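> First the structure, which I've put down as structure tokens, then a few questions once you've had a look.
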Amino acid sequence: MSNLLIKCMAVLTMTGEDGIIHRGEIAIRGGEICHVGASGSTPGDFKADRILDCPGMVAMPGLVNCHTHAAMTMLRGYADDMPLMQWLKEKIWPMEDHLTAEDIYQGTLLSCAEMIKGGTTTFVDMYFEMEQVARAVEESGLRAVLSRGMAGFGPNAEKAMRENIELVEKWNGRAGGRITVRFGPHAPYTCPPDYLKRVIEEAKRLGVGIHIHLAETLDEINEISEKYDKSPIRLMEETGLFELPVLAAHCVHVDDKDIEILARRKVGIAHNPQSNMKLASGIAPVSRMLEAGATVGLGTDGASSNNNLDLLEEVRTAAFLQKLSTGDASVLPAYQVLSMATAGGAKALGLEEQIGCIKPGYKADMILFDMHKPHLYPLYDIYAQIAYAALSSDVATVIIDGQIVMENRRILTLDEEAVMQAAGRSAKALVERKNASQKNK
Ligand SMILES: CSC[C@H]1O[C@@H](n2cnc3c(O)ncnc32)[C@H](O)[C@@H]1O
Ligand SMILES: [Zn+2]
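In structure tokens, the structure reads:
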């Protein structure tokens, strides 16, 4: 691994609002940041193998996509304009039955290319055939937290449990530590308490956390309160889920007591504003959650309910949506929402001492924005410019674990054209298989 020295217009360290270093330098040794400071401050004994001299660029920590289903790029545009339960039951689950391991590999590679181009350096995934997802992550150079999505009833409940255990055993800590693994019980409405208790037992035994969908729609709230006479959050607390590190996707329909539980139990919340808007699930009370001391990161959800994996769009949407829904333009200001996409996301994953900040000792996961664009002039406030005006296409360079994964918008780890072609072929064959199976019915 080579030593890199980055010289840029400014470094947003994301260690606090005053953490802007104008005309900054970042020295990277062996995948780790070893120095951050003003121009000329790098110690003389640091020998750079390569200097990235970028006077028109701003460096910030790589974006953390806290919730996705990467291979669902295969189903982008396949089912739109319906609410969650109808979308899942009538369209997505029947189609997912026809996905092959190869489709999942190609769909994940496609999503990796899209995420790298948008400045994401870490993503959190829940799906099946996770061996394929792990292979794609390893090749792409991304960092990822992977879990096998598990439903606690039906013929696949035991298989899913076994596969998630195998995923932990085989992949936790692999790809030079870039891959970590969690258990992925899908949701309270697909995983009854007895099944969840077994998941908790296995996760404790293996020393890993949980990734789950929680309190996403009113349908879920109604179903869970009819069955158990309590909210999904209270049900999870009573089941013992929050004794583990938990990342809960959505948390849209939560009351004050739920928020208090989420904050007290240090549950990481993955807020997915665009998916929640598109499925008409609702608006998560993010500013109240933050006020209560909860940890909130941002996610895209899958490319079939979003319909892209552009985390910078989520930054802008999250901020605007909170302002609109609270009637208070001062909530979720630029620094705070950018922090949710970086340091906050890292904290939601329990990785706050490794990623999410540009700081000595942290992993060298960072992105460089090219600020020399008409829509980025003039420049009053760098945080506001990145949060509200920048586009993902302004991300010029992406570095993960000290490796340059994209430079001047060219991905170096994957053949972008080949990835798109292969994904297109997989999607075509998938539709043909689905149609053939319908004819045979
Ligand atoms: C069993 S793997 C994960 C499972 O989750 C489905 N999914 C995708 N988006 C959502 C969402 O917003 N809420 C609940 N479930 C979702 C995906 O299609 C897989 O079947
Ligand atoms: Zn999801």
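Under full-length UniProt numbering, the residues of the sequence shown are numbered 1 to 441, in order. The C-beta atom is built at its ideal place from N, Cα and C for all residues, glycine as well. Just so it is clear, the structure is predicted and the values come from calculations on it, not from any experiment.
(1) Taking C-alpha atoms, which residue in 225, 127 and 190 lies nearest to residue 155?
(2) May I ask which residues mark the beginning and end of the beta strand (DSSP E) holding residue 123?
(3) In terms of residue numbering, what span does the alpha helix (DSSP H) encompassing residue 427 cover?
(4) Looking at residue 268: is its Cβ nearer than 8 Å to the Cβ of residue 239?
(5) Cβ atoms of residue 382 and residue 36: under 8 Å apart, would you say?
(6) Below 7 Å, is the gap between the Cβ of residue 301 and the nearest heavy atom of ligand 1?
(7) Kindly list the residues whose CB is nearer than 6 Å to the CB of residue 163, restricted to its own chain and excluding five residues on each side of it in sequence; keep chain order.
(8) With distances taken from CA atoms, which of 393, 2 and 355 is nearest residue 373?
(9) To the nearest angstrom, report how far apart residue 424 and residue 434 are at their CA atoms.
(10) Going by Cα to Cα distance, which pick from 323, 353 and 186 is closest to residue 249?
(11) For ligand 2, I want to know if residue 71 counts as a neighbour, meaning its beta carbon is within less than 7 Å of at least one of the ligand's heavy atoms.
(12) Using 7 Å as the cut-off, classify the Cβ of residue 111 as near or not near the heavy atoms of ligand 1, replying yes or no.
(13) Nearest to residue 12 by alpha carbon, out of 357, 45, 347 and 251?
(14) When the Cβ atoms of the region 126-144 are set against those of the region 90-109, are three or more pairs found closer than 8 Å?
(15) Classify residue 264: buried if its beta carbon has 16 or more other beta carbons within 10 angstroms, exposed otherwise.
(16) Can you find at least 3 beta carbon pairs, one from the region 225-245 and one from the region 138-146, that sit closer than 8 Å?
(17) Who are the near neighbours of residue 120 in its chain, counting only those whose CB is closer than 8 Å to its CB and skipping five residues on each side?
(18) Would the beta-carbon of residue 249 be found less than 7 Å away from any heavy atom of ligand 4?
(19) Is the beta carbon of residue 314 closer than 8 Å to that of residue 298?
(20) Kindly indicate which three-state DSSP category residue 34 falls into: helix, strand or coil?
(21) Please indicate yes or no: does the CB of residue 186 lie closer than 7 Å to some heavy atom of ligand 1?
(22) Using alpha carbons as the reference points, say which of 91, 76 and 251 lies closest to residue 426.
(23) Three-state secondary structure (DSSP) at residue 234?
(24) Between residue 32 and residue 362, which are expected to be in contact by the criterion C-beta below 8 Å, what is the C-beta distance as a whole number of angstroms?
(25) Cβ-heavy atom distance between residue 67 and ligand 2 below 7 Å?
(26) What do you get for residue 436, buried or exposed, if any count of 16 or more other CB atoms within 10 angstroms of its CB means buried?
(27) Taking the continuous beta strand (DSSP E) assigned at residue 26, which residues delimit it?
(28) I want to check one thing, is the minimum distance from the CB of residue 107 to the heavy atoms of ligand 1 below 7 Å?
(29) Can you give me the Cβ contacts of residue 284 inside the same chain, cut-off strictly under 6 Å, excluding the 5 residues immediately before and after it?
(30) By a C-beta neighbour count over all protein chains shown, 10 Å radius and 16 as the cutoff for buried, is residue 232 buried or exposed?
(31) CB residue 279 to CB residue 304, shorter than 8 Å?
(32) Determine the contact status of residue 73 and residue 124, defining contact as a CB-CB distance below 8 Å.
(33) Between the beta-carbon of residue 99 and the beta-carbon of residue 48, is there less than 8 Å?
(34) If I measure Cβ to Cβ from residue 96 and keep anything under 6 Å in the same chain, skipping five residues before and after, which residues do I get?
(35) Whole angstroms is fine: what's the gap from residue 203's alpha carbon to residue 196's?
(36) Can you tell which of 354, 335, 406 and 388 has the C-alpha that lies nearest to the C-alpha of residue 368?
In this structure, then:
(1) Mapped onto the sequence shown, residue 155 falls at position 155. From the listed residues 225, 127 and 190, the smallest Cα separation to residue 155 is found for 190.
(2) Numbered from its first residue, the sequence shown carries residue 123 at position 123. Residue 123: member of the beta strand (DSSP E) spanning 120-127, first to last residue.
(3) Taking the sequence shown and counting its residues from 1, one reaches residue 427 at position 427. Taken as a continuous stretch (DSSP letters only), the alpha helix (DSSP H) holding residue 427 covers 416-439.
(4) Stepping through the sequence shown from its first residue, residue 268 is reached at position 268. Stepping through the sequence shown from its first residue, residue 239 is reached at position 239. No.
(5) Here residue 36 is taken as the residue at index 36 of the sequence shown, counted from 1. Here residue 382 is taken as the residue at index 382 of the sequence shown, counted from 1. No, the pair does not count as a contact, with Cβ atoms beyond the cut-off.
(6) Stepping through the sequence shown from its first residue, residue 301 is reached at position 301. Yes, since a heavy atom of ligand 1 falls inside the 7 Å radius drawn around the Cβ of residue 301.
(7) As a position in the sequence shown, residue 163 is number 163, starting the count at 1. A distance below 6 Å between beta-carbons, with the five flanking residues on each side excluded, links residue 163 to the following residues of its chain, in chain order: 148.
(8) By one-based count along the sequence shown, residue 373 stands at place 373. Minimum Cα distance to residue 373 is reached at 393.
(9) Working through the sequence shown from its first residue, we reach residue 424 at position 424. Working through the sequence shown from its first residue, we reach residue 434 at position 434. When rounded, the distance between both Cα atoms is 16 Å.
(10) To locate residue 249, count along the sequence shown from 1; it is residue 249. The candidate whose alpha carbon is nearest that of residue 249 is 186.
(11) Residue numbering aside, residue 71 sits at position 71 when the sequence shown is read from its first letter. Because no heavy atom of ligand 2 lies under 7 Å away, the Cβ of residue 71 does not count as near it: no.
(12) The residue you call residue 111 lines up with position 111 of the sequence shown. Answer for residue 111: no, Cβ out of range of ligand 1.
(13) Taking the sequence shown and counting its residues from 1, one reaches residue 12 at position 12. When each option's Cα is compared against that of residue 12, the closest is 357.
(14) Touching, per the Cβ criterion.
(15) The residue labelled residue 264 in the question sits at position 264 within the sequence shown. Result: exposed.
(16) Put simply, the region 225-245 does not touch the region 138-146. Fewer than three CB pairs are less than 8 Å apart.
(17) Taking the first residue of the sequence shown as 1, we reach residue 120 at position 120. These residues qualify, in order along the chain: 62, 63, 64, 65, 142, 309 and 311.
(18) Ligand 4 is absent from the structure shown, which contains only ligand 1 and ligand 2.
(19) Your numbering for residue 298 matches position 298 in the sequence shown. Your numbering for residue 314 matches position 314 in the sequence shown. If you check the CB distance, residue 298 and residue 314 come in under 8 Å.
(20) As a working note, residue 34 is residue 34 in the sequence shown. Reduced to three states, the DSSP call for residue 34 is strand.
(21) Locating residue 186 in the sequence shown gives position 186, counting from the first residue. The answer is yes for residue 186.
(22) If you number the sequence shown from 1, residue 426 lands on position 426. Nearest in C-alpha terms to residue 426, of all of 91, 76 and 251, is 76.
(23) In the sequence shown, counting from the first residue as 1, residue 234 sits at position 234. Helix.
(24) As a position in the sequence shown, residue 32 is number 32, starting the count at 1. As a position in the sequence shown, residue 362 is number 362, starting the count at 1. Contact between residue 32 and residue 362 holds: their C-beta atoms lie close to 7 Å from each other, under 8 Å.
(25) Residue mapping note: residue 67 aligns to position 67 of the sequence shown, counting from 1. Correct: residue 67 has its Cβ closer than 7 Å to ligand 2.
(26) As a first step, residue 436 must be located in the sequence shown, where it is residue number 436. Its Cβ having fewer than 16 others within 10 Å, residue 436 is exposed.
(27) Translated into positions along the sequence shown, residue 26 becomes position 26. Start and end: 20-29.
(28) Working through the sequence shown from its first residue, we reach residue 107 at position 107. Outside the cutoff, so no.
(29) Taking the first residue of the sequence shown as position 1, residue 284 is located at position 284. Counting only Cβ-Cβ distances below 6 Å, and skipping sequence neighbours, we find 251, 252 and 271.
(30) For the purposes of this step, residue 232 is taken as residue 232 along the sequence shown, with counting starting at 1. That one is buried.
(31) Residue numbering aside, residue 279 sits at position 279 when the sequence shown is read from its first letter. Residue numbering aside, residue 304 sits at position 304 when the sequence shown is read from its first letter. If you check the CB distance, residue 279 and residue 304 do not come in under 8 Å.
(32) By 1-based counting over the sequence shown, the position of residue 73 is 73. By 1-based counting over the sequence shown, the position of residue 124 is 124. Contact annotation: residue 73 and residue 124 have beta-carbon atoms that are not nearer than 8 Å.
(33) Position 99 of the sequence shown, counted from the start, is the residue given in the question as residue 99. Position 48 of the sequence shown, counted from the start, is the residue given in the question as residue 48. At least 8 Å separates the beta-carbon of residue 99 from that of residue 48.
(34) By one-based count along the sequence shown, residue 96 stands at place 96. Contacts found: none.
(35) The residue you call residue 203 lines up with position 203 of the sequence shown. The residue you call residue 196 lines up with position 196 of the sequence shown. Within the model, the alpha-carbon separation for residue 203 versus residue 196 is close to 10 Å.
(36) For the purposes of this step, residue 368 is identified with residue 368 of the sequence shown, where counting begins at 1. Nearest to residue 368 by C-alpha distance, out of 354, 335, 406 and 388, is 406.
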